[in-house]
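Note that the UniProt record's numbering numbers the sequence shown so that position 167 is 167, with each residue one more than the last. The C-beta atom is built at its ideal place from N, Cα and C for all residues, glycine as well. One structure is given here, and the rest of the page talks about it.
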Amino acid sequence: MERLQKVIAAAGIASRRKAEQLIADGRVTVNGKTVTELGTKVSGSDKIEVNGVRLEREEKVYYLLYKPRSVLSAASDDKGRKTVVDLFPEVEERLYPVGRLDYDTTGILLLTNDGEFAYQMTHPKFEIEKTYVARTKGIPTKEQLKQLERGIVLEDGKTAPAKAKLLSMDKKTGKGIVQLTIHEGKNRQVKRMFEAIGCPVQKLKRESFGFLDLHGLNAGDRRELTAHEVKQLRVLAETGKLR
């Protein structure tokens, strides 16, 4: 038996929080009866409908993609732009990206149809680290790097403590290569952090997600996560460390 909102989220219908709202709004039925009580438990044999559409429990799939530039981190786009889901034409399950990378940002991106897993991978409370490498216009000083590490006050709040390291610099062109590790996912967070210290990002790549990296992959390549990797990511989210 599992909680109804968890089953809805795991089916990829909505996030767990949105699933709870759907239940509270009376838009979910179990075996033909409307359920509004959060925490209601269901079994695999129960017939669940959301907005009148039966919930189908797909086999869970998990992919790692090396996202290329000029591809949207979305399941679809009303402007006709290519999305990361378009890069998986042979996958029958309904995929969606875990979090997002900007249109012009490259690097590691996970895709799944498991809403509960996506929630664990993206909610700041689970503190899964993501490491980016940015080419900046302007070379950050030691004090500016410390600012990034202490946290930057943005319009939607102060960022959590981070790790920042200047990898290289070109004094002739006034450009730097900086590694930044964060565990949040605010909209355009990395770019806004660098803008705040006066060193705007010219090029950005996410090189790692937790313990996962892009080893052996080129832009546009992808692979399925192993069962062990998925388990380890869950452990990392729940305990903050690997076993």
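Collapsed DSSP secondary structure at residue i in the structure displayed
i: residue 142; result: helix
i: residue 1; result: coil
i: residue 152; result: coil
i: residue 17; result: helix
i: residue 225; result: coil
i: residue 164; result: strand
i: residue 56; result: coil
Length of the line joining the Cα atoms of residue i and residue j
i: residue 64; j: residue 70; result: 18 Å
i: residue 137; j: residue 87; result: 32 Å
i: residue 178; j: residue 231; result: 31 Å
i: residue 199; j: residue 2; result: 48 Å
i: residue 163; j: residue 110; result: 22 Å
i: residue 99; j: residue 118; result: 8 Å
i: residue 173; j: residue 228; result: 45 Å
i: residue 188; j: residue 134; result: 13 Å
Residue i, buried or exposed, once every other Cβ within 10 Å from all chains shown has been counted against 16
i: residue 206; result: buried
i: residue 140; result: buried
i: residue 167; result: exposed
Other residues of its chain near residue i: CB distance less than 7 Å, five sequence neighbours each side excluded
i: residue 156; result: 186
i: residue 55; result: 8, 11, 13, 48 and 49
i: residue 46; result: 30 and 31
Sequence-distant residues of its chain with Cβ nearer than 8 Å to residue i (five each side left out)
i: residue 35; result: 4, 23, 28 and 29
i: residue 72; result: 81, 82, 83, 84 and 103
i: residue 41; result: 1, 2, 3 and 4
Per DSSP, cross-strand counterpart(s) of residue i
i: residue 97; result: 111
i: residue 72; result: 83
i: residue 182; result: 130
i: residue 206; result: 107 and 132
Own chain, CB closer than 6 Å to residue i, minus 5 neighbours either side, in chain order
i: residue 131; result: 181, 207 and 208
i: residue 214; result: 66 and 108
i: residue 217; result: 66
i: residue 191; result: 201
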